[in-house]
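FYI, in this note's numbering the residues of the sequence shown are 50 to 233.
Think of the CB as a built atom: it goes at the ideal place given N, C-alpha and C, for glycine as much as any other residue.
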Amino acid sequence: MRSHMLTSVLCAVLLLAPPARADGASSLSDLVDAAAQRLQVADDVAAIKWQTGAAIEDPARVEQQLAKLATKAAGERLDPEYVRRIFADQIAATEAAEYYRFAQWKLNPAAAPSTAPELAASRARIDGFNQVMLAQIGQRWELLHSPECAGELAQTTRTVSDTRQLDEFYRRALSSATQDYCAR
Numbered sequence: 050m051r052s053h054m055l056t057s058v059l060c061a062v063l064l065l066a067p068p069a070r071a072d073g074a075s076s077l078s079d080l081v082d083a084a085a086q087r088l089q090v091a092d093d094v095a096a097i098k099w100q101t102g103a104a105i106e107d108p109a110r111v112e113q114q115l116a117k118l119a120t121k122a123a124g125e126r127l128d129p130e131y132v133r134r135i136f137a138d139q140i141a142a143t144e145a146a147e148y149y150r151f152a153q154w155k156l157n158p159a160a161a162p163s164t165a166p167e168l169a170a171s172r173a174r175i176d177g178f179n180q181v182m183l184a185q186i187g188q189r190w191e192l193l194h195s196p197e198c199a200g201e202l203a204q205t206t207r208t209v210s211d212t213r214q215l216d217e218f219y220r221r222a223l224s225s226a227t228q229d230y231c232a233r
């Protein structure tokens, strides 16, 4: 009885544990890791769109999300255009990842997913990563606007890519998603 209860408690703790993240000494680790995790949701979204025949690009939804994030940024006294640019890059990289998966599945239909998660669940995950990213942008504002940013960002992107075991495509997508982090 006691071991059954202990097992139940341990399972509950594991289910509630936050997702693994790439650790590193960089101040940008949490921001870049959230961007990588957000990018990885593209596989689930691509599977949903593949199965439903939905278009990869949805300009109206993208504009709605960018406006929402820019408004939130302004409310947190962050430059809304900077935040809009950061998330526009993230969305473009995510769309590229979805096209990449579609191309793989078109060339090898047997590899296409037979099931997909609910779109609402994927969007909730994306919204959560957006919030982490926005908070990190605010916390790292000075570094993101400093001369040290480019070097630290390059190293952090490599570290996160290695830790998350991103393939070459996703490494390039992460670099594209983070390309405007260091304000010019």
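Cα atoms of Q180 and A169: separation of roughly 16 Å, rounded to the nearest angstrom. If you check the CB distance, M182 and L77 do not come in under 9 Å. Linking F218 to A142 through their CA atoms gives a straight-line distance of about 10 Å. Comparing alpha carbon positions, the residue from G200, Q139, T164 and E167 closest to Q89 is Q139. DSSP places L215 in the coil class of the three-state scheme, outside both helix and strand. Contact annotation: A145 and W99 have beta-carbon atoms that are not nearer than 9 Å. Under the three-state reduction of DSSP output, L77 falls in the coil class, being neither helix nor strand. Rounded to whole angstroms, the separation of the alpha carbons of F151 and A119 is 30 Å.
For T120, the three-state secondary structure derived from DSSP is helix.
Excluding residues up to 5 positions away in sequence, L183 lie with their Cβ nearer than 7 Å to the Cβ of K121 in the same chain. Runs of the alpha helix (DSSP H) spanning 4 or more residues and lying entirely within the region 126-163 occur at 129-156, in chain order. By the neighbour-count criterion, in which 16 or more other beta carbons inside 10 Å mark a residue as buried, R126 falls on the exposed side.
L215 is a Cβ neighbour of L223, given a cutoff of 9 Å.
As the crow flies, the alpha-carbon of S225 is around 14 Å from that of V209. Counted as a single uninterrupted DSSP element, the stretch harbouring A103 is not any alpha helix (DSSP H), since DSSP gives it neither H nor E. Of the other Cβ atoms in all chains shown, fewer than 16 fall within 10 Å of the Cβ of E106; this residue is therefore exposed.
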